[in-house]
Each structure stands twice: as structure tokens, then as C-alpha cells.
Amino acid sequence: MQDFAGKVAVVTGGASGIGLGMATRFAAEGMRLVLADIEEEVLEAAATDLRESGAEVLTVQTDCGDAASMDNLAEQALGHYGSVHVVCNNAGVGGRGRMWDLGVNDWEFVLRVNLWGVIHGVRVFAPHLIEQDEGHIVNTGSMAGLVSVAGVGAYNVSKHGVVTLSETLYGELRDAGSNVGVSVLCPGIIRTNLRNSERNRPDHLRDLEPEEVQARIESTPGFSDTVRLRALSPEWAAECVFEGIKANRFYILTHDDHEGQIARRHDAIQNDGTPAVVRSTVFAGGPIER
């Protein structure tokens, strides 16, 4: 895509973090917005700020892991604007904990948002984009979808699923002769609220009190304060996404030290047979200069 003015962008998880960064960047190009998020109050506050800057915004409170809620999102977006052109399946939650410490509800909480949210986004919007033969889908994966990171097993599984879903979708669209583009965003550490995902866990998937979950998270080796301080901004990730859509780039990375980790994983697959599991500290590099 090269012409963005007047086009419609749908962003899930759009009330904060990378989602809000993408929405703000799209609005700067004159795009009309559909913001979806499970947190209604935060969603409306984000929309108010965007409208004050001149953006046209439709908000739809959405649980991306719920099929009916995502059906409603598509109906509201298409009913309001008549068409959509960019779909960012971005909503996500964290999932720290050693594999043997996770229960069924922990797995379901992570997978229903991170993976099923993307599945539903493709399911409800791809047919429309294909029919109009125009548009771009951006699925938010992670570097944890390209390499395996110790201590975040459920998150790894969800994001690896997003990557292969996106790769398969790309191939199927090409086989169908479609002009619809696909990208998978694989960021490293970005300054978002991902660490506080427990605030949005449904009650029926909650086995522990929030403070107990937090204690488990803190007891699992993970991101140091030094690493967090080196995290990049959501605005940088959003700029990577925008440039990726313009260039029709499939893999969108945000950090300049990731290629080495990816290469080491591929080398291990081809030559060693030993999983190249990495520590989370490898994701605190600098931005990629395109």
C-alpha cells in the first residue's frame, strides 16, 4: 500500500502500547480508525486524544479471544465505514512462568488472546480484504515467535503460532493471486503494559490471586531492570510497521541484534539438534535502521 489517506485501519489492543502507537501513526497519514480493546475506559480515553488531534475514530470494546466479540468488531467496522484496508491483529498478553508451574487456565488465558485473537482477526477480516483485492494484514508476533525464550513457554507457543499462521496466510494469498499484503511484527522489548496483563484475565480463567501470580512471575528468571530501561518506544515499533506496510515487507523486526539469534536457531536446527533456547536479555538491542 502506498495511498493511506482516507483508508480505514482496524487495530486490536489499540488503547495502549504498540496498538496505540500504530493508531497514532496511521492517523498522521489521514487514515480513519477503528480502535478495539477490552479495557473500555482506557479505550475511550485513547480515542478522545486521537479525536482531539483530528482523527476520525470508531471504538469497539472487544474481547479478541471471543469469536462473537470479533464478529461484532467486523460488523461494526464495516457497517460504520463500509470498508477496511489495514487490519492490525495486535492485542496480546504476557505469560511468564516455568512450564511445570503453569495450569490449564494459564495456557488458555495466553492462547485465547495471543493466538486465537489473531485467528479470529484473519477469519473475520481477510474475506473482505480478498474480495476488494486491496489491503494489508499485520499480525503482532514477537521475537519469542522466532526463537524460544526460557521462562515464557506459553507466550513462546502463542507467538510461534502467530508466525506460522502469518507465513501460511502469505502463501495462500499468493497462491490465490490476491493483492492483499501480510506482515508479521516481531518486536523485542517495547515499553508497554504487557507485564501487567493479569489486570485483564477473565475471572473464569483465574486460579490464583493477582499477587500470587505476580510472585510467580518475579520468581521466574526474566527481564532485568537494565533490560527494561533499554526497551524501545511503541512509537518506534509503529514506525517500523508503517514502513513495513509501505514496502510490503513480511517480517518486521524492531531491534538490530535479533538476526544473530535467529541465525543461531537455524544453525542449531540444521547442524546441532540442540534447541537454541535463549535468555530474555538478548532482546534488549537497538533499533533497526532501514
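Counting with our numbering, you get residues 92 to 381 for the letters of the sequence shown. For glycine and all other residues, C-beta sits at the position ideal for the given N, C-alpha and C. What you are looking at is a predicted structure, and each value in this text was computed from that prediction instead of being measured.
Coil, strand or helix - residue i by DSSP
{"i": "Thr317", "result": "Its pLDDT being 43, under 50, Thr317 is placed unreliably by the model, and the measurement read from it follows with that caveat. Looking at Thr317 - three-state DSSP - the assignment turns out to be helix."}
{"i": "Ala100", "result": "strand"}
{"i": "Val332", "result": "helix"}
{"i": "Ile129", "result": "coil"}
{"i": "Leu344", "result": "strand"}
{"i": "Val368", "result": "coil"}
{"i": "Thr150", "result": "strand"}
{"i": "Cys169", "result": "Just to set this straight, residue 169 is Leu in the shown sequence, not Cys. Of the three classes helix, strand and coil, the one that applies to Leu169 here is helix, per DSSP."}
{"i": "Val240", "result": "strand"}
{"i": "Gly188", "result": "strand"}
Neighbour-count burial assignment, residue i, 16 or more Cβ in a 10 Å radius
{"i": "Arg265", "result": "exposed"}
{"i": "Ser144", "result": "exposed"}
{"i": "Asn205", "result": "buried"}
{"i": "Phe181", "result": "It should be noted that the sequence gives Asn, not Phe, for residue 181. When all chains shown are included, Asn181 counts as buried."}
{"i": "Pro325", "result": "buried"}
{"i": "Asn230", "result": "buried"}
{"i": "Asp94", "result": "exposed"}
{"i": "Gly364", "result": "exposed"}
{"i": "His176", "result": "buried"}
{"i": "Ala137", "result": "buried"}
{"i": "Trp184", "result": "At residue 184 the sequence reads Val, which differs from the Trp that was named. Val184 is buried by the Cβ-count criterion."}
{"i": "Ser315", "result": "Here Ser315 scores only 48 on pLDDT, less than 50, and its place in the model should not be relied on; the value that follows carries that caveat. Exposed: under 16 other Cβ atoms inside 10 Å."}
Span of the beta strand (DSSP E) around residue i
{"i": "Gly272", "result": "272-277"}
{"i": "His227", "result": "227-231"}
Residue i - containing alpha helix (DSSP H), residue span
{"i": "Val248", "result": "244-266"}
{"i": "Val178", "result": "Run containing Val178: none in the alpha helix (DSSP H); it sits in the beta strand (DSSP E), 177-180."}
The stretch 144-159 / the stretch 125-132 touching (three or more Cβ pairs under 8 Å): In this structure the stretch 144-159 lies against the stretch 125-132, because at least three pairs of beta carbons, one per stretch, are closer than 8 Å.
Any 3 or more C-beta pairs closer than 8 Å across the stretch 222-229 and the stretch 192-203: With contact defined as three or more Cβ pairs closer than 8 Å, the stretch 222-229 and the stretch 192-203 are not in contact.
The stretch 231-238 / the stretch 249-259 touching (three or more Cβ pairs under 8 Å): The stretch 231-238 vs the stretch 249-259: in contact.
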